[in-house]
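These notes concern the structure reproduced below.
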Amino acid sequence: MTHTSRRRLLLSTSAMLGLAAWPGTAAWAQAFPLRPVRLVVPFPPGGPVDTVARTVAQRLAEAWGQPVVVDNRAGAGGIVGADLAAKSPADGYTVFVCSIHHSVLPALKAKLPYDIERDFVPLTFGARFPIVLVAHPSVDAKTVAELIALDKRAPGKLSYGSSGNGGGTHLAGELFNLQAGTQLLHVPYKGSAPAMGDLLGGQVQLMFSDAPTALAQVRAGKVRALGVANAQRSDLFPGVPTFAEAGVPGYEAYSWAGFLAPTATPKDVAAKLSADITRVLALPEVKARLHDAGAEAAPNSPEAFGRFLGAEVTKWGRVVKAGNIQAD
-6 MTHTSRRRLL LSTSAMLGLA AWPGTAAWAQ AFPLRPVRLV VPFPPGGPVD TVARTVAQRL
54 AEAWGQPVVV DNRAGAGGIV GADLAAKSPA DGYTVFVCSI HHSVLPALKA KLPYDIERDF
114 VPLTFGARFP IVLVAHPSVD AKTVAELIAL DKRAPGKLSY GSSGNGGGTH LAGELFNLQA
174 GTQLLHVPYK GSAPAMGDLL GGQVQLMFSD APTALAQVRA GKVRALGVAN AQRSDLFPGV
234 PTFAEAGVPG YEAYSWAGFL APTATPKDVA AKLSADITRV LALPEVKARL HDAGAEAAPN
294 SPEAFGRFLG AEVTKWGRVV KAGNIQAD
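So this is what it looks like as structure tokens:
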């Protein structure tokens, strides 16, 4: 048996032992859930939020002895899936996997068919996806401080790509402009892949990128990582300083995924969902799998996630207003 195979076997065994040790596991099969549970993901398969949902779904199914189905309902920047989940029966059998988009949408859209805070109850934060500022090798800056100085000498000459107008990486760039006093020009793309493609080709000089998109290119030396937007350094990018370390105090921006349930979900069912999803996210194998995908598992309490969601709505609402950002 290879070292890798032994590692996977040990991780899998420890994960299953962890699940088996949860209190009342045998009784759970006779209580909730009694039928399949649906995780609504408001984006297409294969993206970061979908990866978190599928990783959690697999372990929940093993713990519950019931299928946990990932239902991808993409459309309108995450609105279609959110509306579907909000209007689903509040019985615990529908869980909504939300993202940073849902804290931004209230500021971008005058009317939404749901209210992300009023129509859902928080279960737990899921995972964060660090945002990293990467530069084409031709850019004469090796640090965030040097980039700021470069922009100040020629305001508006540098452009940055993002995964789309009003998305997390766009807002990370606008927040940077506001806090650093820069005038980087935003170039929106329809997804992270085409944005990274143009960065590699030199059509844009910079990109605020989610970790999964940037990781391989940084490791290959094709782009230069200038700073990570976490409060602390990320072990996904060893040696890359935070923006705060580089002279932009208080700057923090990352994409994320979290778990919500329709607002009238019975409290005991919501508590069980919260506890079980939190335990899954704490399993070593789950944390390792998400780490390999460029995500950092960070489960918390329903109360803490509720406060975080409210703070995100306020924070990004201010950025949207200050940057005069319009929805497509």
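Residue numbers (my numbering): -6 to 321.
Note that beta-carbon positions come from the ideal geometry of N, C-alpha and C, so glycine has one too.
A quick note: this is a predicted structure, and the numbers were derived from the prediction, not measured.
Quiz item: Taking the C-alpha atoms as reference points, what is the distance between D261 and S155?
Solution: Here residue 261 is taken as the residue at index 268 of the sequence shown, counted from 1. Here residue 155 is taken as the residue at index 162 of the sequence shown, counted from 1. Distance between the alpha carbons of D261 and S155 is about 41 Å.
Quiz item: So which of V63, T117, A67, G159 has the shortest CA-CA distance to A254?
Solution: Looking up residue 254 in the sequence shown gives position 261. The shortest C-alpha separation from A254 is found at T117.
Quiz item: Which word fits L27, buried or exposed, when buried means at least 16 other C-beta atoms lie within 10 angstroms of its C-beta?
Solution: Counting from 1 along the sequence shown, the entry for residue 27 is found at position 34. Looking at its Cβ environment, which holds fewer than 16 other Cβ atoms inside 10 Å, L27 is exposed.
Exercise. Mind the definition here: the region 31 to 39 touches the region 258 to 276 only if three or more C-beta pairs lie below 8 Å; say whether that holds.
Key: no
Self-check item: P123, enclosing beta strand (DSSP E) - first and last residue
Solution: To locate residue 123, count along the sequence shown from 1; it is residue 130. Looking at the DSSP string, the run of the beta strand (DSSP E) that includes P123 is 113 to 128.
Practice problem: Answer with buried or exposed for N317, where buried requires no fewer than 16 other C-beta atoms within 10 angstroms of its C-beta. | Solution: Against the sequence shown, residue 317 aligns to sequence position 324. Label assigned to N317: exposed.
Quiz item: Is the shortest distance between the beta-carbon of A67 and the beta-carbons of chain D less than 8 Å?
Solution: Of the protein chains in this structure there is only one, and it is not chain D.
Quiz item: So, using beta-carbon positions, are V61 and A50 closer together than 8 Å?
Solution: Locating residue 61 in the sequence shown gives position 68, where the first residue counts as 1. Locating residue 50 in the sequence shown gives position 57, where the first residue counts as 1. Yes, the pair counts as a contact, with Cβ atoms nearer than the cut-off.
Quiz item: Applying the criterion that 16 or more other CB atoms from any shown protein chain within 10 Å of the CB defines a buried residue, is Q23 buried or exposed?
Solution: The sequence position of residue 23 within the sequence shown is 30, counting from 1. For Q23, the pLDDT reaches just 44, beneath the cut-off of 50, and the residue's location in the model is therefore unreliable, although a value from the coordinates is still provided. The residue in question, Q23, is exposed, as its Cβ has fewer than 16 Cβ neighbours within 10 Å.
Quiz item: Among A304, A79, L276, L199, which has the Cα closest to the Cα of K150?
Solution: Taking the first residue of the sequence shown as position 1, residue 150 is located at position 157. Comparing Cα positions, the closest option is L199.
Self-check item: Extent of the continuous beta strand (DSSP E) to which S92 belongs
Solution: To locate residue 92, count along the sequence shown from 1; it is residue 99. Start and end: 87 to 92.
Quiz item: Measuring CB to CB, does G119 end up less than 8 Å from L274?
Solution: Numbered from its first residue, the sequence shown carries residue 119 at position 126. Numbered from its first residue, the sequence shown carries residue 274 at position 281. Yes.
Quiz item: CA-CA distance, S96 and R212?
Solution: Within the sequence shown, the letter at position 103 stands for residue 96. Within the sequence shown, the letter at position 219 stands for residue 212. Computed Cα separation, rounded: 31 Å.
Quiz item: Going by other Cβ atoms of all chains shown within 10 Å of its Cβ, with 16 needed for buried, is E278 buried or exposed?
Solution: For the purposes of this step, residue 278 is identified with residue 285 of the sequence shown, where counting begins at 1. Buried: at least 16 other Cβ atoms inside 10 Å.
Quiz item: Distance, Cα to Cα, Q59 vs A78?
Solution: Translated into the one-based positions of the sequence shown, residue 59 becomes position 66. Translated into the one-based positions of the sequence shown, residue 78 becomes position 85. Q59 and A78: Cα-Cα distance of roughly 20 Å.
Self-check item: Runs of alpha helix (DSSP H) wholly within the region 174 to 250 (minimum 4 residues, chain order)
Solution: 185 to 194, 204 to 212
Quiz item: Closest by CA to V92, which one among V306, E55, A56, L126?
Solution: For the purposes of this step, residue 92 is taken as the residue at position 99 of the sequence shown. The sequence shown places Ser at residue 92, not Val. Taking only the C-alpha atoms, the option nearest S92 is V306.
Self-check item: Contact under 8 Å by Cβ, V30 with V90
Solution: Sequence index remark: in the sequence shown, residue 30 carries index 37 (1-based). Sequence index remark: in the sequence shown, residue 90 carries index 97 (1-based). No, Cβ-Cβ distance for V30 and V90 is not below 8 Å.
Practice problem: Let me know the secondary structure DSSP gives V306 once reduced to three states. | Solution: As a working note, residue 306 is residue 313 in the sequence shown. It is helical.
Exercise. Using the Cα positions of V114 and H94, report the straight-line distance between them to the nearest angstrom.
Key: For the purposes of this step, residue 114 is taken as residue 121 along the sequence shown, with counting starting at 1. For the purposes of this step, residue 94 is taken as residue 101 along the sequence shown, with counting starting at 1. Each residue's Cα considered, the two are about 17 Å apart.
Quiz item: Excluding the five sequence neighbours on either side, which residues of its own chain have a C-beta within less than 6 Å of the C-beta of Q176, listed in chain order?
Solution: Walking along the sequence shown from the start, residue 176 turns up at place 183. Contacts found: P148, G149.
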